Amino acid sequence: MTESHEASAWLERDDASTVPVLGSSSIGRAPNNQVVLADEKVSRKHALIHRQGDNEYWLVDLGSSNGSYLDGRRVAQPMALHDGAVIRFGSSTLLFRQTAAPTNSGGEPQWSEGTVRDIRLATCWLLLADIEGSTELSRGLPADELPILIGRWFSGCKQLIEASGGLINKYLGDGFFAYWIDIDGTLARLVGTLGELKRLQATAQPSFRVVLHHGEISMGGAPSMGEESLSGPEVNFVFRMEKLAGSLNHPNLMSEVANSRLGRLLPAEPAGRHTLSGFEGDFAFLTF
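Just so you know, we're using the working numbering here: the sequence shown kicks off at 727 and counts up by one.
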(Lines of atoms letter the chains of each structure in order from A and count residues from 1; the text may use other names and numbers.)
(Lines give C-alpha, C1' and ligand atoms only; values in the text may rest on other atoms or scores of the structure.)
Protein backbone atom coordinates (compact mmCIF):
# COMPACT_ATOMS: atom_id res chain seq x y z
CA MET A 1 0.00 0.00 0.00
CA THR A 2 1.79 3.12 -1.23
CA GLU A 3 -0.24 5.51 0.92
CA SER A 4 1.65 4.32 3.99
CA HIS A 5 4.53 6.61 3.11
CA GLU A 6 2.16 9.56 2.73
CA ALA A 7 1.20 9.08 6.38
CA SER A 8 3.51 9.98 9.24
CA ALA A 9 3.29 6.42 10.62
CA TRP A 10 2.59 2.96 9.28
CA LEU A 11 2.77 -0.73 10.15
CA GLU A 12 4.87 -3.26 8.24
CA ARG A 13 3.64 -6.86 8.07
CA ASP A 14 5.81 -9.97 7.80
CA ASP A 15 5.06 -10.16 4.06
CA ALA A 16 6.45 -6.60 3.59
CA SER A 17 3.00 -5.10 2.95
CA THR A 18 2.23 -1.90 4.85
CA VAL A 19 -0.81 -0.34 6.53
CA PRO A 20 -0.95 3.44 7.22
CA VAL A 21 -1.80 4.58 10.74
CA LEU A 22 -4.24 7.47 10.39
CA GLY A 23 -5.68 8.95 13.57
CA SER A 24 -6.88 6.19 15.87
CA SER A 25 -6.55 2.83 14.11
CA SER A 26 -8.32 -0.21 15.57
CA ILE A 27 -6.71 -3.64 15.30
CA GLY A 28 -8.44 -7.00 15.49
CA ARG A 29 -9.99 -10.00 13.78
CA ALA A 30 -13.31 -8.30 12.90
CA PRO A 31 -13.49 -6.96 9.32
CA ASN A 32 -14.50 -3.45 10.44
CA ASN A 33 -11.08 -2.78 12.02
CA GLN A 34 -8.62 -0.48 10.26
CA VAL A 35 -6.00 -3.23 10.65
CA VAL A 36 -7.55 -6.69 10.17
CA LEU A 37 -5.57 -9.72 11.39
CA ALA A 38 -6.87 -13.14 10.33
CA ASP A 39 -5.52 -14.83 13.43
CA GLU A 40 -7.59 -16.97 15.81
CA LYS A 41 -5.44 -15.78 18.72
CA VAL A 42 -6.45 -12.17 18.01
CA SER A 43 -9.68 -10.82 19.53
CA ARG A 44 -12.36 -9.24 17.35
CA LYS A 45 -11.51 -5.85 18.88
CA HIS A 46 -8.00 -6.46 20.14
CA ALA A 47 -6.17 -3.13 20.40
CA LEU A 48 -5.76 0.30 18.86
CA ILE A 49 -2.99 2.68 17.92
CA HIS A 50 -3.98 6.20 18.91
CA ARG A 51 -2.43 9.32 17.45
CA GLN A 52 -2.11 12.21 19.89
CA GLY A 53 0.03 15.30 20.18
CA ASP A 54 2.55 16.06 17.44
CA ASN A 55 3.45 12.79 15.70
CA GLU A 56 2.94 10.82 18.93
CA TYR A 57 1.37 7.34 18.84
CA TRP A 58 0.23 5.09 21.67
CA LEU A 59 -0.60 1.39 21.73
CA VAL A 60 -3.73 0.55 23.75
CA ASP A 61 -4.76 -3.05 24.45
CA LEU A 62 -8.55 -3.39 24.78
CA GLY A 63 -8.58 -6.23 27.29
CA SER A 64 -7.72 -9.01 24.83
CA SER A 65 -7.38 -12.51 26.26
CA ASN A 66 -4.03 -13.21 24.59
CA GLY A 67 -2.62 -9.74 25.04
CA SER A 68 -0.61 -7.24 23.02
CA TYR A 69 3.19 -7.25 23.19
CA LEU A 70 5.50 -4.28 22.62
CA ASP A 71 9.16 -5.16 22.08
CA GLY A 72 8.58 -8.52 23.78
CA ARG A 73 6.73 -7.19 26.85
CA ARG A 74 3.00 -7.57 27.44
CA VAL A 75 1.18 -4.25 27.41
CA ALA A 76 -0.56 -3.70 30.76
CA GLN A 77 -1.52 -0.06 30.09
CA PRO A 78 -1.30 2.35 27.13
CA MET A 79 2.30 2.76 26.01
CA ALA A 80 4.01 5.25 23.70
CA LEU A 81 5.39 3.80 20.46
CA HIS A 82 8.72 4.56 18.81
CA ASP A 83 10.03 4.07 15.31
CA GLY A 84 11.10 0.45 14.89
CA ALA A 85 8.92 -0.90 17.71
CA VAL A 86 7.96 -4.55 17.29
CA ILE A 87 4.30 -5.24 18.13
CA ARG A 88 2.83 -8.73 18.45
CA PHE A 89 -0.84 -9.70 18.51
CA GLY A 90 -1.35 -13.47 18.81
CA SER A 91 0.95 -15.01 16.21
CA SER A 92 1.00 -11.82 14.10
CA THR A 93 4.02 -9.50 14.28
CA LEU A 94 4.01 -5.92 13.00
CA LEU A 95 6.78 -3.34 12.80
CA PHE A 96 5.81 0.24 13.70
CA ARG A 97 7.46 2.93 11.60
CA GLN A 98 7.17 6.72 11.69
CA THR A 99 8.84 9.54 9.81
CA ALA A 100 9.62 11.79 12.80
CA ALA A 101 10.09 11.41 16.53
CA PRO A 102 7.27 12.54 18.86
CA THR A 103 7.68 15.89 20.60
CA ASN A 104 5.72 15.03 23.75
CA SER A 105 5.78 11.81 25.78
CA GLY A 106 2.50 12.20 27.62
CA GLY A 107 1.17 14.32 30.47
CA GLU A 108 -0.19 17.80 29.99
CA PRO A 109 -0.56 19.02 26.38
CA GLN A 110 2.35 20.88 24.84
CA TRP A 111 2.14 22.89 21.66
CA SER A 112 4.30 23.96 18.75
CA GLU A 113 3.74 25.88 15.55
CA GLY A 114 3.61 22.58 13.73
CA THR A 115 0.56 21.38 15.62
CA VAL A 116 -1.39 24.59 16.12
CA ARG A 117 -2.89 25.39 12.76
CA ASP A 118 -6.43 25.99 11.56
CA ILE A 119 -7.23 27.02 15.14
CA ARG A 120 -10.87 27.43 16.14
CA LEU A 121 -12.51 28.05 19.48
CA ALA A 122 -15.05 25.67 21.00
CA THR A 123 -16.86 25.44 24.32
CA CYS A 124 -16.33 21.94 25.68
CA TRP A 125 -16.82 19.59 28.58
CA LEU A 126 -13.40 18.28 29.67
CA LEU A 127 -13.01 15.02 31.59
CA LEU A 128 -9.88 13.42 32.98
CA ALA A 129 -9.91 9.91 34.46
CA ASP A 130 -7.07 7.93 35.94
CA ILE A 131 -6.61 4.66 37.80
CA GLU A 132 -5.86 5.03 41.51
CA GLY A 133 -2.90 3.16 42.95
CA SER A 134 -1.85 1.57 39.67
CA THR A 135 1.49 0.49 41.18
CA GLU A 136 -0.20 -1.31 44.09
CA LEU A 137 -2.70 -2.83 41.68
CA SER A 138 0.10 -4.31 39.60
CA ARG A 139 1.58 -5.91 42.71
CA GLY A 140 -1.71 -7.39 43.86
CA LEU A 141 -2.79 -9.12 40.65
CA PRO A 142 -1.26 -12.01 38.70
CA ALA A 143 0.76 -10.74 35.74
CA ASP A 144 -1.63 -12.23 33.17
CA GLU A 145 -4.77 -10.75 34.81
CA LEU A 146 -3.65 -7.11 35.12
CA PRO A 147 -3.51 -6.32 31.36
CA ILE A 148 -6.99 -7.79 30.85
CA LEU A 149 -8.48 -5.80 33.75
CA ILE A 150 -6.88 -2.51 32.66
CA GLY A 151 -7.56 -3.08 28.98
CA ARG A 152 -11.24 -3.83 29.55
CA TRP A 153 -11.53 -0.67 31.68
CA PHE A 154 -10.12 1.43 28.86
CA SER A 155 -12.35 -0.31 26.34
CA GLY A 156 -15.48 0.15 28.48
CA CYS A 157 -14.76 3.82 29.14
CA LYS A 158 -14.04 4.43 25.46
CA GLN A 159 -17.38 2.91 24.45
CA LEU A 160 -19.29 4.97 27.03
CA ILE A 161 -17.66 8.22 25.97
CA GLU A 162 -18.03 7.69 22.25
CA ALA A 163 -21.65 6.51 22.59
CA SER A 164 -22.48 9.88 24.19
CA GLY A 165 -20.78 11.92 21.48
CA GLY A 166 -17.45 12.40 23.27
CA LEU A 167 -13.93 11.50 22.19
CA ILE A 168 -10.83 10.34 24.00
CA ASN A 169 -8.20 12.87 22.97
CA LYS A 170 -5.20 11.57 24.87
CA TYR A 171 -4.11 8.38 26.65
CA LEU A 172 -1.96 8.95 29.72
CA GLY A 173 -0.58 5.56 30.71
CA ASP A 174 -2.95 4.93 33.61
CA GLY A 175 -5.73 7.24 32.43
CA PHE A 176 -7.20 9.32 29.61
CA PHE A 177 -8.35 12.82 28.69
CA ALA A 178 -11.73 13.13 26.91
CA TYR A 179 -13.92 15.96 25.67
CA TRP A 180 -17.41 16.75 24.40
CA ILE A 181 -18.19 19.83 22.30
CA ASP A 182 -21.04 21.58 24.12
CA ILE A 183 -23.90 21.58 21.61
CA ASP A 184 -27.62 20.83 21.87
CA GLY A 185 -28.16 17.44 23.49
CA THR A 186 -24.65 17.11 24.92
CA LEU A 187 -25.63 17.89 28.50
CA ALA A 188 -28.15 15.05 28.85
CA ARG A 189 -25.80 12.53 27.23
CA LEU A 190 -22.92 13.66 29.45
CA VAL A 191 -24.97 13.22 32.63
CA GLY A 192 -25.80 9.69 31.52
CA THR A 193 -22.13 8.93 30.92
CA LEU A 194 -21.13 10.30 34.33
CA GLY A 195 -23.72 8.02 35.91
CA GLU A 196 -22.28 5.02 34.08
CA LEU A 197 -18.75 5.96 35.15
CA LYS A 198 -19.88 6.19 38.77
CA ARG A 199 -21.38 2.71 38.46
CA LEU A 200 -18.04 1.48 37.16
CA GLN A 201 -16.32 3.15 40.12
CA ALA A 202 -18.61 1.24 42.51
CA THR A 203 -17.19 -2.06 41.23
CA ALA A 204 -13.62 -0.93 42.10
CA GLN A 205 -12.36 -2.99 39.15
CA PRO A 206 -10.17 -0.97 39.00
CA SER A 207 -10.57 2.03 41.31
CA PHE A 208 -10.30 5.30 39.40
CA ARG A 209 -10.80 9.06 39.72
CA VAL A 210 -12.86 11.36 37.49
CA VAL A 211 -12.59 15.15 37.26
CA LEU A 212 -14.87 17.36 35.17
CA HIS A 213 -14.52 20.93 33.90
CA HIS A 214 -16.24 23.17 31.36
CA GLY A 215 -14.77 26.00 29.32
CA GLU A 216 -13.63 27.43 26.01
CA ILE A 217 -10.61 25.82 24.39
CA SER A 218 -8.63 26.13 21.18
CA MET A 219 -8.88 23.22 18.76
CA GLY A 220 -6.45 22.51 15.96
CA GLY A 221 -4.39 19.74 14.43
CA ALA A 222 -5.67 17.26 11.87
CA PRO A 223 -9.34 16.42 12.50
CA SER A 224 -9.62 14.76 9.07
CA MET A 225 -7.19 12.13 10.40
CA GLY A 226 -9.18 11.62 13.58
CA GLU A 227 -6.89 13.70 15.78
CA GLU A 228 -7.50 17.07 17.39
CA SER A 229 -5.05 19.16 19.39
CA LEU A 230 -6.69 20.86 22.36
CA SER A 231 -5.04 23.81 24.10
CA GLY A 232 -5.71 26.75 26.35
CA PRO A 233 -5.89 27.56 30.07
CA GLU A 234 -9.02 25.43 30.58
CA VAL A 235 -7.17 22.31 29.40
CA ASN A 236 -4.35 23.02 31.85
CA PHE A 237 -6.96 23.68 34.54
CA VAL A 238 -8.48 20.20 34.32
CA PHE A 239 -5.05 18.56 34.52
CA ARG A 240 -4.30 20.55 37.70
CA MET A 241 -7.73 19.48 39.01
CA GLU A 242 -6.76 15.83 38.71
CA LYS A 243 -3.73 16.40 40.94
CA LEU A 244 -5.95 18.21 43.43
CA ALA A 245 -8.48 15.36 43.47
CA GLY A 246 -5.68 12.94 44.28
CA SER A 247 -4.38 15.09 47.14
CA LEU A 248 -7.91 15.42 48.57
CA ASN A 249 -8.61 11.71 48.04
CA HIS A 250 -11.84 12.50 46.18
CA PRO A 251 -12.92 9.93 43.55
CA ASN A 252 -14.98 12.59 41.72
CA LEU A 253 -14.36 16.31 41.49
CA MET A 254 -15.85 19.04 39.33
CA SER A 255 -15.25 22.73 38.94
CA GLU A 256 -17.73 25.38 40.01
CA VAL A 257 -18.19 26.29 36.35
CA ALA A 258 -19.14 22.72 35.47
CA ASN A 259 -21.54 22.54 38.39
CA SER A 260 -23.28 25.77 37.36
CA ARG A 261 -23.85 24.30 33.89
CA LEU A 262 -25.15 21.00 35.23
CA GLY A 263 -27.52 22.62 37.72
CA ARG A 264 -29.68 20.02 39.43
CA LEU A 265 -29.03 17.34 36.82
CA LEU A 266 -26.17 15.93 38.90
CA PRO A 267 -26.22 16.05 42.73
CA ALA A 268 -23.04 17.56 44.16
CA GLU A 269 -21.53 18.53 47.52
CA PRO A 270 -19.06 21.36 48.23
CA ALA A 271 -15.41 20.31 48.40
CA GLY A 272 -14.05 23.68 49.53
CA ARG A 273 -11.95 26.33 47.83
CA HIS A 274 -8.45 25.44 46.70
CA THR A 275 -5.53 26.90 44.77
CA LEU A 276 -4.15 25.33 41.61
CA SER A 277 -0.55 25.57 40.48
CA GLY A 278 -0.18 28.10 37.68
CA PHE A 279 -3.49 29.85 38.38
CA GLU A 280 -4.06 32.95 40.50
CA GLY A 281 -6.48 32.92 43.43
CA ASP A 282 -8.51 30.04 44.74
CA PHE A 283 -11.42 28.16 43.19
CA ALA A 284 -14.52 26.36 44.46
CA PHE A 285 -14.85 22.64 43.71
CA LEU A 286 -17.53 20.04 44.30
CA THR A 287 -17.74 16.27 44.62
CA PHE A 288 -20.41 14.38 42.73
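Don't be surprised by glycine CBs; every beta carbon is placed ideally from N, CA and C.
Since the model is a prediction, treat every value here as computed from it, not as a measurement.
Check: Exposure label - Q778; buried when at least 16 CB within 10 Å; Outcome: buried
Check: Among F965, G946 and L737, the one whose alpha carbon lies nearest that of R814; Outcome: L737
Check: Beta-bridge partners of Q778, as assigned by DSSP; Outcome: E782
Check: DSSP-derived helix/strand/coil call for N985; Outcome: helix
Check: Expected contact under 8 Å - CB spacing of E995 and L1012 to nearest Å; Outcome: 6 Å
Check: Whole-angstrom C-beta distance between R987 and H940, which should lie under 8 Å; Outcome: 5 Å
Check: N-terminal and C-terminal residue of the alpha helix (DSSP H) that R966 is part of; Outcome: P959 to L974
Check: Assigned exposure category for E954 - 16 Cβ within 10 Å defines buried; Outcome: buried
Check: First and last residue of the uninterrupted beta strand (DSSP E) at V801; Outcome: Here V801 belongs to no beta strand (DSSP E), and DSSP marks it neither H nor E.
Check: Assumed close pair R935, E960 - CB separation to whole angstroms, cut-off 8 Å; Outcome: At roughly 19 Å, the Cβ-Cβ gap does not stay under 8 Å, so R935 and E960 are not in contact.
Check: Classification of L991 by the beta-carbon crowding that lies within 10 angstroms, buried from 16 upward; Outcome: exposed
Check: Range of the contiguous beta strand (DSSP E) that encloses G901; Outcome: G901 to I907
Check: Neighbourhood of S881 by C-beta, 6 Å cutoff - its chain only, sequence neighbours within 5 removed; Outcome: L788 and G789
Check: Segment contact, 8 Å Cβ cut-off, at least three pairs: the region 751 to 767 with the region 845 to 858; Outcome: no
Check: E819 vs D740 beta-carbon contact at 8 Å; Outcome: As written in the sequence, residue 819 is Thr, which differs from the Glu given in the question. Yes, Cβ-Cβ distance for T819 and D740 is below 8 Å.
Check: Secondary structure of P873, DSSP reduced to three states; Outcome: helix
Check: Residue closest to K767, alpha-carbon to alpha-carbon, out of N759, G793 and H776; Outcome: G793
Check: Residues bridged to V936 [DSSP beta-bridge criterion]; Outcome: A855 and N978
Check: Exposure of I909, with buried meaning 16 or more beta-carbon neighbours within 10 Å; Outcome: exposed
Check: Assigned secondary structure, R846 (DSSP; H/G/I helix, E/B strand, else coil); Outcome: strand
Check: Distance cut-off 7 Å: V786 Cβ against heavy atoms of the ligand ATP; Outcome: As for the ligand ATP, it is missing from this structure, which has no ligand bound.
Check: K767, DSSP secondary structure in three states; Outcome: coil
Check: Own chain, CB closer than 6 Å to S752, minus 5 neighbours either side, in chain order; Outcome: N759, Q760 and L774
Check: Beta-carbon separation (whole angstroms), F903 vs L854, contact threshold 8 Å; Outcome: 5 Å
Check: Helix, strand or coil at A773 [DSSP, three-state]; Outcome: strand
Check: For C850 and G958, the rounded distance between their alpha carbons; Outcome: 12 Å
Check: Counted within 10 angstroms of its Cβ, other Cβ atoms place D1008 as buried (16 or more) or exposed; Outcome: exposed
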